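Using our numbering, the first residue of the sequence shown is number 88, and each one after it goes up by one.
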Amino acid sequence: MKFRPSDFNKIVRLGTIKSVPNENNGNLKKTFVETITLHYAPKNRTMTQQYTLLGTKLEDTLMIVIRHNTNVQDKMLAQLPDKKYYDIVGISPDESNNVIRYDILTLKLNQKGVK
């Protein structure tokens, strides 16, 4: 994969869900706790790839490319600039011996209503 530094012009916030007490009534609420902030480049699929995914669990997913980072795990959530939360459903790490390596993250919109 060849990318220019200017391709990584968007920011993704990665983190987990924690239960914290509500300041008003003390009830627990789930909230996003950021762990890592990274720059990413969107990765587009070809039409053939999109047609291949129709009817599968990966149909409504999107892909982003980040610099290789071993701290990124599939149990994390991602928050993109659209302020929506996405589950990481797949990580494709670059296992080459290149100096600069890239990982592809497959994201699916989180339907659990994280605040």
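Cβ atoms here follow ideal geometry from the backbone N, Cα and C, with glycine treated the same way.
Small disclaimer: the values here were computed from a predicted structure and weren't measured.
On the three-state DSSP scale, how would you describe residue i?
i, result
"Asp-169", "coil"
"Ser-183", "coil"
"Met-134", "helix"
In terms of alpha-carbon separation, which member of the options lies closest to residue i?
i, options, result
"His-155", "Leu-140, Asp-161, Asn-131, Pro-180", "Pro-180"
"Leu-192", "Tyr-138, His-126, Lys-199", "His-126"
"Ile-123", "Asn-197, Gln-160, Glu-182", "Gln-160"
"Gln-198", "Asn-114, Arg-91, Lys-171, Lys-105", "Lys-171"
"Lys-162", "Thr-139, Phe-95, Thr-143, Lys-105", "Lys-105"
"Arg-91", "Gly-102, Ala-128, Thr-103", "Ala-128"
Report buried or exposed for residue i, applying the criterion of at least 16 other Cβ atoms within 10 angstroms of its Cβ.
i, result
"Val-176", "exposed"
"Ile-205", "Outside the displayed range of the chain (88 to 202) lies residue 205, so it cannot be described from this structure."
"Leu-164", "buried"
"Gln-166", "buried"
"Val-107", "exposed"
Would you list the one or two residues that DSSP bridges to residue i?
i, result
"Arg-91", "DSSP output for Arg-91 lists no bridge partner at all."
"Asp-161", "Bridge partners of Asp-161: none, in fact."
- Are at least three pairs of beta-carbons, each pair with one atom in the region 141 to 149 and one in the region 114 to 124, less than 8 Å apart? no
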